[in-house]
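S.K.:
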Amino acid sequence: MVTDVYGPSLEHLLHFCNGKFTLKTTLLIADQLVDRIEWIHSKNLVYNDIDADNFLVGLGKKADKIFVVDFGNCRKFVDEENNHYFIGK
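With the numbering used here, the residue at position 35 of the sequence shown is 1202, and numbering never jumps.
1. Just to confirm the assignment: which complete alpha helix (DSSP H) runs, minimum length 4, are found wholly within the segment 1172 to 1216?
2. At the level of alpha carbons, what is the spacing between K1187 and N1211?
3. Measure the CB-CB distance between L1223 and V1213 and report whether it falls below 7 Å.
4. For the beta strand (DSSP E) that G1225 lies in, which residues bound it at each end?
5. Less than 7 Å between the C-beta atoms of E1178 and D1231, yes or no?
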């Protein structure tokens, strides 16, 4: 099952770490989050639900990866002719 690669959310890990990540952890997380959001953006989508509960850490061999979940609020911002637009909810 696909969900078998998902571990805890960043929200859960933050609580586990008493509300603080080290600088190194913060920078490692930020680097991956920027990559993930840039990839989503490259698909002409805006990810409208940035929340620590929607970023999950992998398990096992994927424990060093962060996964983005809950794409229900994504919206296109470029049409087929490369015109920018945004249609809200």
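Glycine included, each C-beta is placed from N, C-alpha and C at the ideal position. A quick note: this is a predicted structure, and the numbers were derived from the prediction, not measured.
M.R.: Taking the geometry as given:
1. Under the rule that a run must span 4 or more residues, the alpha helix (DSSP H) segments found entirely inside the segment 1172 to 1216 read 1177 to 1183 and 1190 to 1209.
2. In this structure, the alpha-carbon of K1187 lies about 33 Å from that of N1211.
3. Taking the C-beta atoms as reference points, V1213 is found no nearer than 7 Å to L1223.
4. For G1225, the enclosing beta strand (DSSP E) starts and ends at F1222 to G1225.
5. Pairing E1178 with D1231 gives a Cβ-Cβ distance that is not under 7 Å.
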